[in-house]
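*Asks:* Going by the numbering used here, the sequence shown opens with residue 12, and the numbers climb by one from there. Just so you know, even glycine gets a beta-carbon here, dropped at the ideal spot from N, CA and C. What you are looking at is a predicted structure, and each value in this text was computed from that prediction instead of being measured.
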Amino acid sequence: MNKILFHFPENSSLAKSISQFSKIRIGNIEFGRFPDGESKLRILENLNGSEVYILCSLDRPDSKIVALIFFCETARSLGAVKIHLIAPYLCYMRQDKIFRFGEGVNAKFFAKFISRYIDSILTIDPHLHRIHNLEEIFNIPSKVLHSTKLFAEYIQNNVSNPILIGPDSESDQWVREVADIHDLPFMVLEKNTKRRQRCGYQRA
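#1: Inspect the beta-carbon positions of I35 and L16 and report whether they are closer than 8 Å.
#2: Who are G43's beta bridge partners in DSSP?
#3: Is the beta carbon of I148 less than 8 Å from the beta carbon of S131?
#4: The beta strand (DSSP E) with V155 in it runs from where to where?
#5: Got a sec? Which residues, its chain only, sit under 7 Å from L161 by beta carbon, not counting five neighbours each side?
#6: Could you say which of P99, P173, R127 and K108 lies nearest to R87 if we only look at CA atoms?
#7: State the DSSP-derived secondary structure class of H95, mapped to helix, strand or coil.
#8: Note down, in chain order, each residue of its chain lying with its Cβ closer than 8 Å to the Cβ of W10, except the 5 sequence neighbours on either side.
#9: When DSSP labels each residue in this structure, what does Y128 get in the three-state scheme?
#10: Quick test of the definition: if touching needs 3 or more C-beta pairs under 8 Å, does the region 90–102 touch the region 63–70?
#11: With 16 other CB atoms within 10 Å as the buried threshold, where does Y165 fall?
#12: May I ask which residues mark the beginning and end of the beta strand (DSSP E) holding F17?
#13: Out of K75, F110 and E188, which one is the CA nearest neighbour of R44?
#14: Taking the alpha-carbon positions, what's the D194 to A78 distance?
#15: Measuring only the C-alpha atoms, how far is K108 from G115?
#16: So the candidates are F82, A118 and S28; which of them puts its Cα closest to the Cα of L139?
#17: Just how far apart, CA to CA, sit I192 and F112?
#18: Of all the options L58, P72 and S171, which has the alpha carbon lying nearest to the alpha carbon of E84?
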(Lines of atoms letter the chains of each structure in order from A and count residues from 1; the text may use other names and numbers.)
(Lines give C-alpha, C1' and ligand atoms only; values in the text may rest on other atoms or scores of the structure.)
Protein backbone atom coordinates (compact mmCIF):
# COMPACT_ATOMS: atom_id res chain seq x y z
CA MET A 1 0.00 0.00 0.00
CA ASN A 2 1.30 3.45 -0.92
CA LYS A 3 2.17 5.52 2.17
CA ILE A 4 2.32 9.32 2.21
CA LEU A 5 3.19 11.70 5.04
CA PHE A 6 1.58 15.14 5.23
CA HIS A 7 2.25 17.82 7.80
CA PHE A 8 1.00 21.16 9.03
CA PRO A 9 3.31 24.09 8.16
CA GLU A 10 4.82 24.46 11.64
CA ASN A 11 5.86 20.79 11.72
CA SER A 12 7.98 20.76 8.55
CA SER A 13 11.32 20.10 10.28
CA LEU A 14 10.00 17.11 12.23
CA ALA A 15 8.26 15.81 9.11
CA LYS A 16 11.57 15.74 7.23
CA SER A 17 13.18 13.73 10.03
CA ILE A 18 10.28 11.27 10.13
CA SER A 19 10.39 10.91 6.35
CA GLN A 20 14.12 10.22 6.33
CA PHE A 21 13.81 7.65 9.11
CA SER A 22 10.68 5.88 7.83
CA LYS A 23 11.32 6.24 4.09
CA ILE A 24 7.76 7.54 3.71
CA ARG A 25 7.69 10.41 1.26
CA ILE A 26 6.20 13.79 2.13
CA GLY A 27 3.07 14.70 0.20
CA ASN A 28 2.30 18.08 -1.31
CA ILE A 29 -0.41 20.14 0.35
CA GLU A 30 -1.40 23.80 0.35
CA PHE A 31 -2.84 25.53 3.41
CA GLY A 32 -4.53 28.90 3.29
CA ARG A 33 -7.29 31.12 4.63
CA PHE A 34 -10.10 33.10 3.14
CA PRO A 35 -10.20 36.85 3.91
CA ASP A 36 -12.60 36.22 6.80
CA GLY A 37 -10.20 33.74 8.40
CA GLU A 38 -11.84 30.49 7.31
CA SER A 39 -9.44 27.60 6.71
CA LYS A 40 -8.89 26.07 3.32
CA LEU A 41 -6.50 23.45 2.01
CA ARG A 42 -5.66 21.57 -1.16
CA ILE A 43 -4.07 18.11 -1.31
CA LEU A 44 -1.92 17.87 -4.44
CA GLU A 45 -1.66 14.09 -4.51
CA ASN A 46 -3.54 11.08 -5.85
CA LEU A 47 -4.50 9.26 -2.65
CA ASN A 48 -6.51 6.44 -4.18
CA GLY A 49 -5.73 3.33 -2.12
CA SER A 50 -3.12 5.15 -0.03
CA GLU A 51 -2.30 5.00 3.68
CA VAL A 52 -1.97 8.58 4.89
CA TYR A 53 -0.10 10.01 7.88
CA ILE A 54 -0.82 13.56 9.01
CA LEU A 55 1.64 15.26 11.39
CA CYS A 56 -0.04 17.97 13.45
CA SER A 57 1.05 18.99 16.94
CA LEU A 58 -2.13 20.10 18.68
CA ASP A 59 -0.86 22.94 20.82
CA ARG A 60 -3.18 25.96 20.49
CA PRO A 61 -5.65 23.46 19.06
CA ASP A 62 -8.73 25.55 18.34
CA SER A 63 -7.13 27.09 15.25
CA LYS A 64 -5.89 23.72 13.96
CA ILE A 65 -8.70 21.25 14.53
CA VAL A 66 -10.98 22.57 11.79
CA ALA A 67 -8.16 22.36 9.24
CA LEU A 68 -7.31 18.86 10.50
CA ILE A 69 -10.90 17.71 9.99
CA PHE A 70 -10.97 19.25 6.50
CA PHE A 71 -7.74 17.41 5.72
CA CYS A 72 -9.14 14.07 6.85
CA GLU A 73 -12.40 14.48 4.95
CA THR A 74 -10.58 15.63 1.81
CA ALA A 75 -8.13 12.73 2.02
CA ARG A 76 -11.03 10.27 2.30
CA SER A 77 -12.74 11.86 -0.69
CA LEU A 78 -9.52 11.40 -2.69
CA GLY A 79 -9.45 7.69 -1.89
CA ALA A 80 -7.28 7.39 1.24
CA VAL A 81 -7.84 3.99 2.84
CA LYS A 82 -6.28 4.77 6.24
CA ILE A 83 -5.53 8.05 8.01
CA HIS A 84 -3.12 8.08 10.96
CA LEU A 85 -2.70 11.16 13.15
CA ILE A 86 0.77 11.90 14.55
CA ALA A 87 0.22 14.49 17.27
CA PRO A 88 3.43 15.10 19.29
CA TYR A 89 1.32 17.20 21.66
CA LEU A 90 -2.21 15.93 22.33
CA CYS A 91 -4.68 18.61 23.34
CA TYR A 92 -7.50 18.75 25.90
CA MET A 93 -6.05 16.02 28.11
CA ARG A 94 -5.84 18.25 31.21
CA GLN A 95 -9.64 18.47 31.45
CA ASP A 96 -9.88 14.84 32.55
CA LYS A 97 -12.60 15.28 35.19
CA ILE A 98 -15.41 17.62 36.13
CA PHE A 99 -13.82 20.18 38.43
CA ARG A 100 -16.87 22.41 38.85
CA PHE A 101 -20.58 22.10 38.11
CA GLY A 102 -21.33 22.90 34.50
CA GLU A 103 -17.99 21.72 33.10
CA GLY A 104 -17.46 18.68 30.91
CA VAL A 105 -14.73 16.06 30.59
CA ASN A 106 -13.22 17.58 27.48
CA ALA A 107 -10.57 14.88 27.14
CA LYS A 108 -13.31 12.31 26.51
CA PHE A 109 -15.30 14.65 24.28
CA PHE A 110 -12.30 15.40 22.07
CA ALA A 111 -11.22 11.75 21.83
CA LYS A 112 -14.69 10.69 20.74
CA PHE A 113 -14.87 13.55 18.25
CA ILE A 114 -11.49 13.15 16.55
CA SER A 115 -11.83 9.34 16.42
CA ARG A 116 -14.54 9.80 13.79
CA TYR A 117 -11.98 11.09 11.31
CA ILE A 118 -8.82 9.04 11.91
CA ASP A 119 -7.90 5.37 12.12
CA SER A 120 -5.14 5.61 14.72
CA ILE A 121 -3.27 8.17 16.81
CA LEU A 122 0.34 8.44 17.96
CA THR A 123 1.48 10.97 20.54
CA ILE A 124 4.33 11.70 22.96
CA ASP A 125 3.95 11.72 26.75
CA PRO A 126 0.31 12.84 26.90
CA HIS A 127 -1.15 14.27 30.09
CA LEU A 128 -2.33 11.04 31.73
CA HIS A 129 -3.41 11.56 35.31
CA ARG A 130 -6.97 10.61 36.17
CA ILE A 131 -7.19 8.97 32.74
CA HIS A 132 -4.48 6.31 32.91
CA ASN A 133 -4.14 5.36 29.25
CA LEU A 134 -5.51 6.50 25.92
CA GLU A 135 -7.50 3.30 25.45
CA GLU A 136 -9.88 4.57 28.14
CA ILE A 137 -11.12 7.38 25.90
CA PHE A 138 -10.16 6.51 22.30
CA ASN A 139 -12.00 3.80 20.39
CA ILE A 140 -9.22 3.58 17.79
CA PRO A 141 -5.68 2.17 18.10
CA SER A 142 -3.38 4.52 20.01
CA LYS A 143 0.36 4.56 20.59
CA VAL A 144 2.29 6.56 23.19
CA LEU A 145 5.99 7.33 22.84
CA HIS A 146 8.09 8.41 25.83
CA SER A 147 10.80 11.06 25.85
CA THR A 148 12.30 10.54 29.31
CA LYS A 149 15.43 8.73 28.10
CA LEU A 150 16.12 11.45 25.55
CA PHE A 151 15.77 14.15 28.21
CA ALA A 152 18.00 12.21 30.60
CA GLU A 153 20.73 11.73 28.01
CA TYR A 154 20.63 15.38 26.97
CA ILE A 155 20.86 16.59 30.57
CA GLN A 156 23.66 14.16 31.37
CA ASN A 157 25.71 15.29 28.36
CA ASN A 158 25.00 19.01 28.37
CA VAL A 159 24.23 20.24 31.91
CA SER A 160 26.71 20.51 34.78
CA ASN A 161 25.42 19.63 38.27
CA PRO A 162 21.74 19.51 37.26
CA ILE A 163 18.83 19.60 39.68
CA LEU A 164 15.49 18.61 38.17
CA ILE A 165 12.39 20.52 39.29
CA GLY A 166 8.84 19.41 38.60
CA PRO A 167 6.22 22.18 38.66
CA ASP A 168 3.49 20.15 40.40
CA SER A 169 2.59 16.73 41.77
CA GLU A 170 1.41 15.51 38.39
CA SER A 171 4.91 16.01 36.99
CA ASP A 172 6.42 13.73 39.65
CA GLN A 173 6.19 10.64 37.45
CA TRP A 174 8.24 12.20 34.63
CA VAL A 175 10.77 14.07 36.77
CA ARG A 176 11.41 11.00 38.90
CA GLU A 177 11.85 8.75 35.86
CA VAL A 178 14.34 11.15 34.22
CA ALA A 179 16.23 11.58 37.48
CA ASP A 180 16.44 7.85 38.18
CA ILE A 181 18.18 7.08 34.88
CA HIS A 182 21.37 8.89 35.95
CA ASP A 183 20.67 9.20 39.69
CA LEU A 184 20.13 12.97 39.51
CA PRO A 185 18.77 15.10 42.37
CA PHE A 186 15.24 16.39 41.91
CA MET A 187 12.36 18.11 43.67
CA VAL A 188 8.66 18.49 42.95
CA LEU A 189 6.82 21.70 43.79
CA GLU A 190 3.34 21.96 45.25
CA LYS A 191 1.06 24.09 43.13
CA ASN A 192 -1.57 26.32 44.72
CA THR A 193 -4.22 26.88 42.07
CA LYS A 194 -7.02 29.33 42.71
CA ARG A 195 -9.43 29.63 39.85
CA ARG A 196 -9.75 33.07 38.29
CA GLN A 197 -6.32 33.87 39.76
CA ARG A 198 -2.77 33.14 38.77
CA CYS A 199 -1.14 29.94 39.92
CA GLY A 200 1.42 30.08 42.71
CA TYR A 201 3.85 27.66 44.33
CA GLN A 202 3.99 27.08 48.05
CA ARG A 203 6.69 24.59 48.90
CA ALA A 204 8.80 21.78 47.55
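*Replies:* According to the data block:
#1: Here residue 35 refers to the residue found at position 24 of the sequence shown. Here residue 16 refers to the residue found at position 5 of the sequence shown. In contact: I35 and L16 (Cβ atoms closer than 8 Å).
#2: As a position in the sequence shown, residue 43 is number 32, starting the count at 1. DSSP lists K51 as partners of G43.
#3: Residue mapping note: residue 148 aligns to position 137 of the sequence shown, counting from 1. Residue mapping note: residue 131 aligns to position 120 of the sequence shown, counting from 1. In this structure, S131 does not lie closer than 8 Å to I148 by Cβ.
#4: Reading the sequence shown from its first residue, position 144 is the one you call residue 155. Here the beta strand (DSSP E) through V155 covers S153 to L156.
#5: Position 150 of the sequence shown holds residue 161. Once the five neighbours on either side are set aside, L161 has no close Cβ partner at all.
#6: Numbered from 1 along the sequence shown, position 76 holds the residue referred to as residue 87. R87 has its Cα closest to that of R127, out of P99, P173, R127 and K108.
#7: The residue labelled residue 95 in the question sits at position 84 within the sequence shown. Three-state result, H95: strand.
#8: This structure leaves residue 10 out entirely; the chain is present only between 12 and 215.
#9: As a position in the sequence shown, residue 128 is number 117, starting the count at 1. Reduced to three states, the DSSP call for Y128 is coil.
#10: yes
#11: In the sequence shown, the residue the question calls residue 165 occupies position 154. Y165 comes out exposed.
#12: Counting from one through the sequence shown, the residue named residue 17 turns up at place 6. Its beta strand (DSSP E) spans residues K14 to H18.
#13: For this step, residue 44 is matched to residue 33 along the sequence shown. Checked all of K75, F110 and E188; the closest Cα to R44 is K75.
#14: Counted from its first residue, the sequence shown places residue 194 at position 183. Counted from its first residue, the sequence shown places residue 78 at position 67. Cα to Cα, D194 sits roughly 44 Å from A78.
#15: Your numbering for residue 108 matches position 97 in the sequence shown. Your numbering for residue 115 matches position 104 in the sequence shown. In a straight line, the C-alpha of K108 is about 7 Å away from that of G115.
#16: Within the sequence shown, residue 139 is the residue found at index 128, counting from 1. For L139, the nearest C-alpha among the options comes from A118.
#17: The residue you call residue 192 lines up with position 181 of the sequence shown. The residue you call residue 112 lines up with position 101 of the sequence shown. Straight-line Cα distance between these residues: approximately 42 Å.
#18: Within the sequence shown, the letter at position 73 stands for residue 84. When only C-alpha atoms are compared, the closest one is L58.
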